[in-house]
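Numbering (full-length UniProt numbering), first residue to last: 1 to 336.
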Ligand SMILES: O=C(O)CCC(=O)C(=O)O
């Protein structure tokens, strides 16, 4: 029901269905505010150094910010602006796009999985399939009018960046540069445009509770003015402070499996605040449904036996969506 969207009205109190039990609350005062995640400058001409920094970030944090990543600033600003315009559409216009069916390839929805969950999250989101663009763009919102063009350009740029990062991540694991891109097959690309309205009681709820990403690689554009992303490191939540014009990169479960557990798909969450709404645009590169996933042969040996069995993305994705977001790491169910 489109009435469940939270971006269509101003809220003065937090409805009961969003209130987490005492034990599940975000404990915002315990978050480390200034630890931050590694930052990698992709314009550094010393490629070996960049590859080494990326490898170190993938094993220590599973997260890093990239600077000078090649995405034109005007493309990023336009995407953020059209996302804001989208969430300002009238409730009637939004209701036309609303669905709570996770199988729908284009949907405006709310929380995470409203059909299954018992406590909701303070997030509305637009979910889009983005590859091949010519197949999916005709289903995308026609309003605001520049939406399709602006987001298509953004998606193409993000895809290229993703492939550049794959080459560097492959190299950092001692694999052929094109290993990851090849082994994951013709990749799907999805996007979540996340909108977190101002929340009357941010200490009682989440924008998104702790989760790992089921896909291979996520490229996140954050609101530069409003922080909210937090990453779990050694049992503590650390705040990710957005750098100007940076993008946040995180490894999804498939790269943890491919690296045979050397690299981490790390728990992260989005918290909300009572002062300002927040937007983030997450792009997900996802393996082709048909390929065999699991640890790279070259990373399996006597001293490092395969940690995960082989499976298909179809199998993995179904398992991921059949659970609650903050249950155990989904990869645990694929251990050898
Ligand atoms: O909004 C954020 O900062 C995080 C978004 C996220 O984790 C997701 O869309 O999966």
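Ideal placement from N, C-alpha and C gives every residue a C-beta, glycine not left out. Quick caveat, the model's predicted, so the values are computed rather than measured.
Check                                                                                                                                                                        : Outcome
I need the residues with a C-beta less than 5 angstroms from some heavy atom of ligand 1; please give them in chain order.                                                   : 192, 194, 229, 270, 280 and 282
Given this structure, state the Cα-to-Cα distance separating residue 317 from residue 214, to the nearest angstrom.                                                          : 7 angstroms
Looking only at its own chain, which residues have a Cβ that is under 6 angstroms from the Cβ of residue 340, when we skip the five neighbours before and after it?          : No answer is possible for residue 340: it lies beyond the span of the chain, which begins at 1 and ends at 336.
Is residue 271 closer than 8 angstroms to residue 202 when the C-beta atoms are compared?                                                                                    : yes
Among 218, 241 and 302, which has the Cα closest to the Cα of residue 265?                                                                                                   : 218
If we ignore side chains and look at the alpha-carbon of each, how far apart do residue 209 and residue 25 end up?                                                           : 9 angstroms
Kindly indicate which residue of 3, 61 and 11 has the alpha-carbon position closest to the one of residue 268.                                                               : 61
Starting from residue 233 and walking both ways along the beta strand (DSSP E), at which residues does that stretch end?                                                     : 229-233
Taking the alpha-carbon of residue 295 as reference, which of 285, 306 and 301 has the nearest alpha-carbon?                                                                 : 306
From what residue to what residue does the alpha helix (DSSP H) around residue 304 run?                                                                                      : First-last for residue 304: undefined, no H or E at that position.
Given 7 angstroms as the limit, tell me if residue 152 has its C-beta closer than that to any heavy atom belonging to ligand 2.                                              : Among the ligands modelled here, namely ligand 1, ligand 2 does not occur.
On the criterion of 16 or more Cβ atoms from any shown chain inside 10 Å, does residue 12 qualify as buried, or is it exposed?                                               : exposed
Out of 122, 309 and 330, which one is the CA nearest neighbour of residue 319?                                                                                               : 330
What residue range is occupied by the uninterrupted beta strand (DSSP E) comprising residue 148?                                                                             : First-last for residue 148: 147-172, but that is the alpha helix (DSSP H), not the beta strand (DSSP E).
First and last residue of the beta strand (DSSP E) that includes residue 196?                                                                                                : 188-196
Taking the CB atoms as reference points, tell me whether residue 283 and residue 155 lie closer together than 8 angstroms.                                                   : yes
I need the straight-line Cα distance from residue 337 to residue 243, nearest angstrom please.                                                                               : Here the chain comprises residues numbered 1 to 336, so residue 337 is not present and cannot be evaluated.
Since residue 79 contacts residue 151 with CB under 8 angstroms, what's their CB separation in whole angstroms?                                                              : 6 angstroms
Quick one: Cα of residue 52 to Cα of residue 44, how far?                                                                                                                    : 12 angstroms
Which residues does DSSP list as the beta-bridge partners of residue 65?                                                                                                     : 39 and 248
From residue 248 to residue 207, what does the alpha carbon distance come to, in whole angstroms?                                                                            : 18 angstroms
Mind pulling the alpha helix (DSSP H) runs of 4 or more residues that sit fully within the stretch 82-156?                                                                   : 91-95 and 133-136
In terms of DSSP beta bridges, what is residue 218 paired with?                                                                                                              : 250 and 284
Please list the terminal residues of the continuous beta strand (DSSP E) segment that includes residue 352.                                                                  : Residue numbering for the chain in the displayed model covers 1 to 336; residue 352 lies beyond these limits and cannot be assessed.
Report the residue from 133, 23 and 259 whose alpha carbon sits nearest the alpha carbon of residue 55.                                                                      : 259
What are the start and end residues of the alpha helix (DSSP H) that includes residue 267?                                                                                   : Counting along the chain, residue 267 falls outside any alpha helix (DSSP H), and DSSP gives it neither H nor E.
Determine the direct distance from the alpha carbon of residue 70 to that of residue 133, and round the result to whole angstroms.                                           : 21 angstroms
Answer yes or no: do residue 274 and residue 200 have a C-beta to C-beta separation smaller than 8 angstroms?                                                                : yes
For residue 236, which residues of its own chain have a beta-carbon under 7 angstroms away from its beta-carbon, when the five flanking residues on both sides are left out? : 32
Using a Cβ-Cβ cutoff of less than 7 angstroms, which residues in the same chain neighbour residue 102 once the five nearest sequence positions on both sides are dropped?    : 113 and 321
What residues match up with residue 291 in a beta bridge as DSSP calls it?                                                                                                   : According to DSSP, which records beta bridges pairwise, residue 291 is partnered with nothing at all.
Indicate whether residue 221 and residue 106 have their beta-carbon atoms separated by less than 8 angstroms.                                                                : no
Counting only the same chain and skipping the five closest in sequence on each side, list residues whose C-beta sits under 8 angstroms from that of residue 336.             : 305, 306, 307, 308 and 309
Kindly indicate the opening and closing residues of the beta strand (DSSP E) around residue 238.                                                                             : 236-239
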